Each structure stands twice: as C-alpha cells, then as structure tokens.
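Accompanying notes for the structure given below.
Residue numbers (the working numbering): 1 to 144.
Pasting the structure below:
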C-alpha cells in the first residue's frame, strides 16, 4: 500500500473544498464558501503567522489524492480527513503517523466527537490515550 504525503498548492483548493463539504455538519464550526477555502490555502502557503496550521499535507494513495492531514499550532492538534470511499482501509493511521514523524513534536492531541468511532479508532491505533472530556454548549444569537 503506497501512501504519500504531498505539499499542498493553490491548485489543490478545489479538492480541499470538496473534502470540506463532505464532512459531517457536526464537525464544521462555521460553514465556509469556496473562495474562503482558497483564501485559507493562500494564507497557509504565504506562511501567514495568524494561520492556525503548522503543517498541512494532502494524502496520496496509488497516485490519487484522497484526503488531507493537518497539524494545528494550538496544542499540536492533528486533523485528518479522507474521501468516504477510502475510509476504514488503514490509510488514515499511516498518513497521520507520517505527519507526526515529519514534525517530531513532544506530544500530539486530537479532538474527536463522542460518536465519531472511526476517528477514535484511528488515534487508538496510534497509541493515543483519552486524557479528559471537554463539554461544550453552542449559543445561538437571536436575529431579533
């Protein structure tokens, strides 16, 4: 199984947006538009200090781009997304491990929704331990 990590380019914005819109809506804090995704990629490529990512790679499997992995500056938080047809095939843990080895941090974190069993399985395969629970409450502003 040949899995590679590839540097992102501005040309990858369309794929990254497609990957974004395929996410479970519960995983999306605030919906974005295609042009916002492109701007986000541009800021990363320019090494904008305000950009949240330390590293961002595309996942390639058998010469096809199938997902992305990120390393957030805050708490070395990992993010990983695969096209649905490639999930559950053992690709995610390999790609995340490659990103971790490349960045060589003292620790890594992952924030995963309680019901996201596949992501919990992925981090467990990499030796992560559940260290605490985080409770959140969304507040909606009235439009009145």
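Backbone N, C-alpha and C define an ideal beta-carbon position, used for all residues, glycine too. Keep in mind the model is a prediction, meaning the values are calculated, not measured.
Query	Result
Whole-angstrom distance between residue 95 and residue 4, CA atom to CA atom	7 Å
Residue closest to residue 64, alpha-carbon to alpha-carbon, out of 82, 105, 74 and 36	82
Residue-level contact to chain D via CB, residue 105, 7 Å cutoff	The displayed structure is made up of one protein chain only, and chain D is not part of it.
Bridge partner(s) assigned by DSSP for residue 71	55 and 78
Neighbourhood of residue 34 by C-beta, 7 Å cutoff - its chain only, sequence neighbours within 5 removed	17
Cβ pair residue 122, residue 93 closer than 7 Å	yes
Distance between residue 101 and residue 147 (C-alpha atoms, nearest Å)	Here the chain has residues from 1 to 144 only, and residue 147 is not among them.
Whole-number beta carbon distance between residue 75 and residue 131, since they are thought to touch under 8 Å	No, residue 131 and residue 75 are not in contact; Cβ-Cβ is about 11 Å, not under 8 Å.
Residue 10 versus residue 125 - alpha carbon distance	32 Å
N- and C-terminal bounds of the beta strand (DSSP E) containing residue 21	Note, residue 21: premise wrong, no beta strand (DSSP E); alpha helix (DSSP H) at 13-21.
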